[in-house]
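Residue numbers (this note's numbering): 2 to 129.
Virtual Cβ for every residue (Gly too), placed ideally from N, Cα, C.
Worksheet: one structure, shown below.
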Ligand SMILES: [Zn+2]
C-alpha cells in the first residue's frame with residue numbers, strides 16, 4: 002500500500018451505494034421490470050471504481066474527490082448528527098424548531114418556558 006491512496010469516506014460511500022444498488026435489483030427483478038443482473042453489473046462496476054481509487058497513486062486527485070464528496074454529504078451528516086443527539090438526550094431534553102429552521106434543545110421541565118433562538122435572536126414560548 003506504499004504510495005497508494007488507501008481507504009477514505011468516499012470509498013465507504015461508494016461501497017454503501019453499490020450495496021444499496023444491488024439490494025434495489027432484488028425487488029426490481031421480482032416485479033420483472035428489469036433483469037437483476039443489470040443491477041449486479043452496475044454494483045460491481047461501482048465497487049471496481051471504489052477499489053481503483055484505493056490503489057491509485059494520484060493522491061492529490063483522490064484527496065480532492067474525497068473533499069468534494071464530504072462537502073456534498075455535509076448537510077446529510079449534520080442531520081444524522083442532530084438525530085443521534087436528539088436520541089441520546091431524549092429523556093432529559095425536548096427539541097423545538099424555530100421559524101428559522103434551527104432546532105433548539107430545551108431541558109425537559111414541565112411548564113411554559115421562554116426560549117431565545119441563538120441563530121436568529123427570536124424569543125418564543127414553549128410548553129413542555
Ligand atoms: Zn431562529
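**Own chain partners of residue 55 with C-beta closer than 8 Å, once the 5 adjacent residues on each side are dropped** = By 1-based counting over the chain shown, the position of residue 55 is 54. The answer, listed in chain order, is 5, 6, 7, 8 and 12.
**Asked** Are the beta-carbon atoms of residue 107 and residue 116 separated by less than 8 Å?
**Response** In the chain shown, the residue the question calls residue 107 occupies position 106. In the chain shown, the residue the question calls residue 116 occupies position 115. Yes, these two residues count as a Cβ contact at 8 Å.
**Own chain partners of residue 94 with C-beta closer than 7 Å, once the 5 adjacent residues on each side are dropped** = Here residue 94 refers to the residue found at position 93 when the chain shown is read from its first residue. Excluding residues within five positions, the ones whose Cβ falls inside 7 Å are 106, 107, 108 and 109.
**Request:** Flag residue 123 as yes when its Cβ comes closer than 7 Å to any non-hydrogen atom of ligand 1, and as no otherwise.
**Result:** The residue you call residue 123 lines up with position 122 of the chain shown. At least one heavy atom of ligand 1 is nearer than 7 Å to the Cβ of residue 123, so yes.
**Prompt:** Counting pairs of Cβ atoms below 8 Å between the segment 38–51 and the segment 10–28, do you hit three or more?
**Reply:** yes
**Request:** Using DSSP bridges, identify the partner residues of residue 106.
**Result:** Position 105 of the chain shown, counted from the start, is the residue given in the question as residue 106. Note: residue 106 sits in a beta bridge opposite 96.
**Message:** Using beta carbons (cut-off 8 Å, strictly below), is residue 95 in contact with chain B?
**Reply:** As a matter of chain content, chain B is missing from the structure shown, which is built from one protein chain.
**Message:** Considering only heavy atoms of ligand 1, does any lie closer than 7 Å to the CB of residue 120?
**Reply:** Your numbering for residue 120 matches position 119 in the chain shown. Under cutoff, so the answer is yes.
**Asked** Does the beta carbon of residue 109 fall short of 7 Å from some heavy atom of ligand 1?
**Response** The count along the chain shown starts at 1 and reaches residue 109 at position 108. Result no, Cβ not under 7 Å from ligand 1.
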